[in-house]
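Written below as structure tokens is the structure these notes are about.
Numbering (the numbering used here), first residue to last: 1 to 408.
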């Protein structure tokens, strides 16, 4: 109870000292405010990036393998030039994988191009046209917002049907349902049978696309049997590594590589994306931590300086308190409390600034000023105050009361 009494008394004296020197207290907290704003916004931004990433790539699935002419990992320019020399993947190779790969639940060949889309007088430019089969509904984890995906019969027969992204639907059909409407993709007409759910565009413009049967793609746009990738969804995610090894063997047979030939294809998976994104967010967090640490260090030095000034100004007061029986612990607690209070005020102001900034950031990222981040910000404020105020408080606690009373 004695400690609580001293703490309450220290808070009362500290608050009085802060109110007596308002301008000095405000200027002292600026460094802390900047540091805590940085802590808060960095925390919310990194968490928001993680959420946006997971939302964007969640449709990919952890059990999907992507056969391509290049890998997703970091590589040198020499590796890139080497991969550019690899022969293209073909529809025939995708068909062979579908026949020979026993661990596959679904296999979909995928081809890309870009074309404008028109409907009456409205148009959408730079739209990614995806040519594939009905199996893309499984391998791509495609989520349908309206209507349906094209059927196996429509895919095999090369019917002129399509499924459009949510952004395309909004641009071409702002006030009406797109289902059943006929749109022009390049010079060809397609009937809209479905609209994809909004997926977000943080790691690719997935909403500005249209999916058509692969036969329509080869007949009207690319005029080639070449593919961008072959998507393979395995039957059991727990057997993913074995499936990857088996797919590797199948692809070498399909590509007619001899045992001594190096691979001329790559098998990618979601783990590689996760690794790259975590590396990026880790770098961002490290840079943010450095900036935050620098801001808090400058703010802490400012608080330490002001607290030394405060101790010097109140030397006589300290002498009187010690002369009437105040212990070193009491004086130490008083000045530590004052420094911590200044920092907590700065932390509260910083949170008041960070909150509307977070609301603005919500236009671009799914960020929220969560309670854990608020708690971390206030805890960092408190620790900064205690560390910055310790040496001035220690100096005040060790003052000789006789010498202190002689101070004018």
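All C-beta atoms in this analysis are idealised placements derived from N, C-alpha and C, irrespective of residue type, glycine included.
In this text, all values refer to a predicted model and were calculated from it rather than measured experimentally.
Taking the Cα of residue 237 as reference, the smallest distance to any Cα among 269, 118 and 215 is reached at 269. Setting aside the 5 residues that flank it on each side, residue 197 is surrounded in the same chain by 143, 144, 145 and 166, each with a C-beta closer than 8 Å to its C-beta; the list follows chain order. With contact defined as three or more Cβ pairs closer than 8 Å, the segment 132 to 139 and the segment 103 to 112 are in contact. In chain order, 144, 147, 148, 149 and 163 place their CB closer than 6 Å to the CB of residue 194, counting only its own chain and leaving out the 5 sequence neighbours on each side. Secondary structure at residue 259: coil, using DSSP grouped into helix, strand and coil. The straight-line gap separating the alpha-carbon atoms of residue 341 and residue 280 is approximately 36 Å.
By the 16-neighbour rule on beta-carbons within 10 angstroms, residue 67 is buried.
The alpha-carbon of residue 154 is positioned some 16 Å away from that of residue 210.
Linking residue 394 to residue 298 through their CA atoms gives a straight-line distance of about 21 Å. Within the same chain, Cβ atoms closer than 6 Å to the Cβ of residue 304 are found at 388, the five residues on either side in sequence being excluded.
Per the DSSP secondary-structure output, residue 38 pairs with nothing in a beta bridge. Linking residue 116 to residue 192 through their CA atoms gives a straight-line distance of about 15 Å. Per DSSP, residue 97 is one residue of the alpha helix (DSSP H) stretching across 91 to 100.
For residue 197, there is no enclosing alpha helix (DSSP H), as DSSP marks it with neither H nor E. Beta-bridge pairing by DSSP links residue 172 to no other residue. Restricted to the segment 278 to 336, not a single beta strand (DSSP E) segment is unbroken, complete and at least 3 residues in length. Following the DSSP letters along the chain, one finds residue 114 inside the beta strand (DSSP E) bounded by residues 104 to 119. The C-beta distance from residue 112 to residue 241 rounds to 29 Å, too long to meet the 8 Å contact threshold. The alpha-carbon of residue 318 is positioned some 25 Å away from that of residue 27.
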